[in-house]
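Trainee: The structure is given below, and queries will be raised subsequently.
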Amino acid sequence: MPKCAKSSRGWMPPPERDSLVPSAIEIRNIAQFAGQEVRIEGWLYNLRESGKIVFPLVRDGTGILQCVAVKSALPPEVFERIRGLTQESSLGVTGRVRQEKRAPGGYELDVTDLDVIHRVPEDRPYPITPKEHGVDFLMDHRHLWLRSSRQRAILGVRHEIIRACRDFFDDRGFTLVDTPILTPSACEGTTTLFEVAYFEDKAFLTQSGQLYNEAAAMAVGKTYCFGPTFRAEKSKTRRHLTEFWMIEPEVAFARLDDVMTLAEQLVAFVVGRVLEKRRGELKSLERDVSRLEKCVPPFPRLAYDEAVKMLKEKGSAIEWGGDFGGTDETLLSQDSDKPLLVHRYPSRVKAFYMAPDPARPEVALCVDVLAPEGYGEIIGGGERLADERVLVERIEEQKLPREAFEWYLDLRRYGSVPHSGFGMGIERVVAWICGLDHVRETIPFPRMLYRLTP
RNA sequence: UCCUCGGUAGCUCAAUGGUAGAGCAUUCGGCUGUUAACCGAAGGGUUGCAGGUUCGAGUCCUGCCCGAGGAGCCA
Numbered sequence: 035m036p037k038c039a040k041s042s043r044g045w046m047p048p049p050e051r052d053s054l055v056p057s058a059i060e061i062r063n064i065a066q067f068a069g070q071e072v073r074i075e076g077w078l079y080n081l082r083e084s085g086k087i088v089f090p091l092v093r094d095g096t097g098i099l100q101c102v103a104v105k106s107a108l109p110p111e112v113f114e115r116i117r118g119l120t121q122e123s124s125l126g127v128t129g130r131v132r133q134e135k136r137a138p139g140g141y142e143l144d145v146t147d148l149d150v151i152h153r154v155p156e157d158r159p160y161p162i163t164p165k166e167h168g169v170d171f172l173m174d175h176r177h178l179w180l181r182s183s184r185q186r187a188i189l190g191v192r193h194e195i196i197r198a199c200r201d202f203f204d205d206r207g208f209t210l211v212d213t214p215i216l217t218p219s220a221c222e223g224t225t226t227l228f229e230v231a232y233f234e235d236k237a238f239l240t241q242s243g244q245l246y247n248e249a250a251a252m253a254v255g256k257t258y259c260f261g262p263t264f265r266a267e268k269s270k271t272r273r274h275l276t277e278f279w280m281i282e283p284e285v286a287f288a289r290l291d292d293v294m295t296l297a298e299q300l301v302a303f304v305v306g307r308v309l310e311k312r313r314g315e316l317k318s319l320e321r322d323v324s325r326l327e328k329c330v331p332p333f334p335r336l337a338y339d340e341a342v343k344m345l346k347e348k349g350s351a352i353e354w355g356g357d358f359g360g361t362d363e364t365l366l367s368q369d370s371d372k373p374l375l376v377h378r379y380p381s382r383v384k385a386f387y388m389a390p391d392p393a394r395p396e397v398a399l400c401v402d403v404l405a406p407e408g409y410g411e412i413i414g415g416g417e418r419l420a421d422e423r424v425l426v427e428r429i430e431e432q433k434l435p436r437e438a439f440e441w442y443l444d445l446r447r448y449g450s451v452p453h454s455g456f457g458m459g460i461e462r463v464v465a466w467i468c469g470l471d472h473v474r475e476t477i478p479f480p481r482m483l484y485r486l487t488p
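The first sequence stops at residue 488 when you use the working numbering, and every number in between is there.
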């Protein structure tokens with residue numbers, strides 16, 4: 035541990051340096067070291083051999099570098115050590131960096147020495163070979179699959195999306211207020227919640243931070259929470275996980291139109307940031323970035339009524355009053371390169387806390403954002419019921435346990451104001467931006483109906 | 001929970017009811033510019049499990065287990 039100087043304000047960070055691990059350079063910085071002797075530390079990605087010349091491909095988490103080991107230029111024991119390397123063995127390589135047009139990254143390392151940190155035994159080789167594998171096999175080896183360049187690209191985009199969301203809200207005066215994961219009761223019915231033992235009592239894993247967000251918004255005005263969310267629904271589709279991450283802003287005094295604009299700006303900001311910072315990852319995922327580039331505001335807005343009309347014309351069996359199915363969402367969103375905002379759904383298909391439209395009480399002041407290219411719903415939210423009397427009616431109508439909501443009703447008793455917010459599912463956004471056909475690849479360790487390991 | 005499809009070598013997949021095979025991976029050999037390298041050889045199997053039909057079952061039938069896609073529900 036580096037010694038940390040103490041000041042009157044407490045801890046000071048250790049002095050800055052180029053690399054956290056000074057024993058080696060990072061492959062992503064290789065160009066800076068052209069002509070120099072360097073050491074890299076990583077894992078063997080692949081090994082190609084041609085008699086007296088060997089090409090070990092080494093990855094270190096920041097990139098992949100092709101090394102060149104020539105028999106005549108190395109001590110025999112070093113050359114044999116390199117020849118006998120197994121896939122994913124960890125190693126340190128020293129050599130001279132050379133610009134090389136034929137190499138994938140434009141640079142190569144002429145090996146002068148190589149030490150094996152841990153050798154993968156040949157009688158139990160690394161299971162994921164550079165060939166095709168089935169989904170089930172890969173999911174069983176998710177802890178190793180993450181090492182592949184494709185998964186690394188997805189992890190990078192996911193990270194950028196999360197960071198962009200935080201920056202977006204932080205830069206606009208929002209305060210992050212963490213909401214609990216363990217909750218005392220269901221906010222929208224217990225059937226979709228995971229139940230856990232809580233000492234002598236029961237608790238449930240949260241399905242949304244929203245009710246707590248409303249309390250926080252009354253304290254700080256603009257708030258957001260970001261955390262895991264749990265749904266015990268037995269959904270088995272490419273858009274569902276039982277554990278997923280959701281970012282949820284909530285704004286006091288905001289109306290439906292305000293949060294529709296907020297959602298539009300957030301999505302455009304996130305897409306823009308990924309296009310700016312993660313072009314390389316999108317390219318390696320073979321994402322058609324031209325479609326993402328068209329994703330600039332304003333986004334089309336469509337009332338539920340019009341959406342139903344449109345769906346019927348396209349042959350959907352939807353009737354007014356029903357919620358959209360997955361195919362309906364696809365039908366609505368596949369034609370456009372921009373996300374689509376669908377607003378004012380029938381109140382009865384929405385949660386009890388949604389405010390009715392004063393002009394048409396049968397519809398709620400709510401909005402869903404459907405991602406383009408058939409990716410479907412990424413955001414759901416709207417204006418909340420601010421009137422205590424109506425809220426109590428809704429709670430009773432839906433036969434929810436009123437005692438559990440007394441604290442929530444307090445928010446309507448002490449300076450109730452109009453307020454609105456929404457939740458955005460991170461994995462669906464990652465799937466859309468990366469162009470993936472399933473959300474299971476968007477989260478490091480997916481939890482699904484039939485998948486709890488690794 | 002329902003519907004559809006699938007389970008054969010470590011992996012991806014073949015195999016009319018008639019001797020279980022290929023490519024990759026592994027091991028050995030060859031090759032001084034390979035790009036999921038290539039060429040040659042070797043090892044590797046209780047065909048998801050349990051029954052049944054049959055002279056004979058990877059193949060047909062029944063049940064079960066596991067998985068995938070979809071429906072419902074949702075972000």
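Don't be surprised by glycine CBs; every beta carbon is placed ideally from N, CA and C.
How far does the alpha helix (DSSP H) with S318 in it reach, from first residue to last?
Mentor: 313-318
Trainee: Given a threshold of 16 other Cβ atoms within 10 Å of its Cβ, counted over all protein chains shown, does S84 qualify as buried or as exposed?
Mentor: exposed
Trainee: Determine contact between the region 277-296 and the region 446-457, defined as no fewer than three beta-carbon pairs at a distance below 8 Å.
Mentor: yes
Trainee: Give me the Cα-Cα distance between L375 and E475, rounded to the nearest whole angstrom.
Mentor: 26 Å
Trainee: Do you know offhand how far P138's Cα is from V323's?
Mentor: Taking the straight line from one Cα to the other gives about 22 Å.
Trainee: Identify the continuous alpha helix (DSSP H) that holds Q244 and give its terminal residues.
Mentor: 244-254
Trainee: In whole angstroms, what is the alpha-carbon distance linking V305 and D201?
Mentor: In a straight line, the C-alpha of V305 is about 13 Å away from that of D201.
Trainee: Do C400 and I188 come within 9 Å of each other at the CB atom, strictly closer than that value?
Mentor: no
Trainee: Taking the alpha-carbon positions, what's the D157 to T120 distance?
Mentor: 10 Å
Trainee: Quick one: Cα of H472 to Cα of Q70, how far?
Mentor: 44 Å
Trainee: Between the region 190-207 and the region 307-321, can you find at least three pairs of beta-carbon atoms closer than 8 Å?
Mentor: yes
Trainee: So K86 and S57 are in contact, right, with Cβ under 8 Å, and what is the actual spacing, rounded?
Mentor: About 30 Å; that fails the 8 Å criterion.
Trainee: Helix or strand or just coil, what does DSSP make of T364?
Mentor: helix
Trainee: Which first and last residues belong to the alpha helix (DSSP H) in which W441 is found?
Mentor: In the DSSP assignment, W441 falls within the unbroken alpha helix (DSSP H) covering 440-447.
Trainee: Excluding the five sequence neighbours on either side, which residues of its own chain have a C-beta within less than 6 Å of the C-beta of P161, listed in chain order?
Mentor: H175
Trainee: If the criterion is Cβ atoms closer than 9 Å, does the pair A398 and R378 meet it?
Mentor: yes
Trainee: Would D144 and V104 be called neighbours here (beta carbons separated by less than 9 Å)?
Mentor: Contact flag set, yes.
Trainee: Assign L54 to one of two classes, buried (16 or more other C-beta atoms within 10 Å of its C-beta) or exposed (fewer than that).
Mentor: Counting of Cβ neighbours within 10 angstroms places L54 among the exposed residues, the total staying below 16.
Trainee: So the alpha helix (DSSP H) Q70 belongs to, where does it begin and stop?
Mentor: Unbroken run through Q70: none, as it is neither H nor E.
Trainee: Express the C-alpha separation of T209 and F203 in angstroms, rounding to a whole number.
Mentor: 8 Å
Trainee: Please classify H274 as buried or exposed, where buried requires at least 16 neighbouring CB atoms within 10 angstroms.
Mentor: Around the CB of H274, 16 or more other CB atoms lie within 10 Å, so the residue is classed as buried.
Trainee: Using the Cα positions of A337 and E248, report the straight-line distance between them to the nearest angstrom.
Mentor: A straight-line Cα-Cα distance of about 25 Å links A337 and E248.
Trainee: Using the Cβ count rule (16 or more neighbours within 10 Å means buried), how would you classify K135?
Mentor: exposed
Trainee: Going by DSSP, what residue range makes up the beta strand (DSSP E) through V383?
Mentor: No beta strand (DSSP E) contains V383, which DSSP labels as neither H nor E.
Trainee: For a test of the three-state rule: what should DSSP assign to T209, helix, strand or coil?
Mentor: strand
Trainee: Please name the residue in K372, E363, V342, D369 whose C-alpha comes closest to that of P380.
Mentor: By alpha-carbon distance to P380, the top candidate from K372, E363, V342, D369 is V342.
Trainee: Return the bridge partner residues of V145 from the DSSP annotation.
Mentor: For V145, which the question treats as bridged, DSSP gives the partners G129.
Trainee: What does DSSP give as the partner residue(s) for M388 in the beta ladder?
Mentor: Beta-bridge pairing by DSSP links M388 to R418.
Trainee: Can you tell me where the alpha helix (DSSP H) holding Q189 begins and where it ends?
Mentor: Correcting the residue type first, residue 189 is Leu in the shown sequence and not Gln. Looking at the DSSP string, the run of the alpha helix (DSSP H) that includes L189 is 183-204.
Trainee: For H167, list the residues DSSP reports as bridge partners.
Mentor: None; H167 has no bridge partner.
Trainee: Using three-state DSSP, classify C400 as helix, strand or coil.
Mentor: strand
Trainee: What first and last residue would you give for the alpha helix (DSSP H) that runs through L178?
Mentor: If you look at L178, you'll find it in the alpha helix (DSSP H) that goes 176-179.
Trainee: Taking only the alpha-carbon atoms, compute the straight-line gap between E417 and A385 and give it to the nearest angstrom.
Mentor: 11 Å
Trainee: On the premise that L78 lies in contact with E122, defined as a C-beta separation below 8 Å, what is that separation, rounded to the nearest angstrom?
Mentor: 6 Å
Trainee: Starting from V342, trace the alpha helix (DSSP H) in both directions and tell me its first and last residue.
Mentor: 338-347
Trainee: Within the chosen definition, does the region 177-185 reach the region 123-132 through at least 3 CB pairs nearer than 8 Å?
Mentor: no
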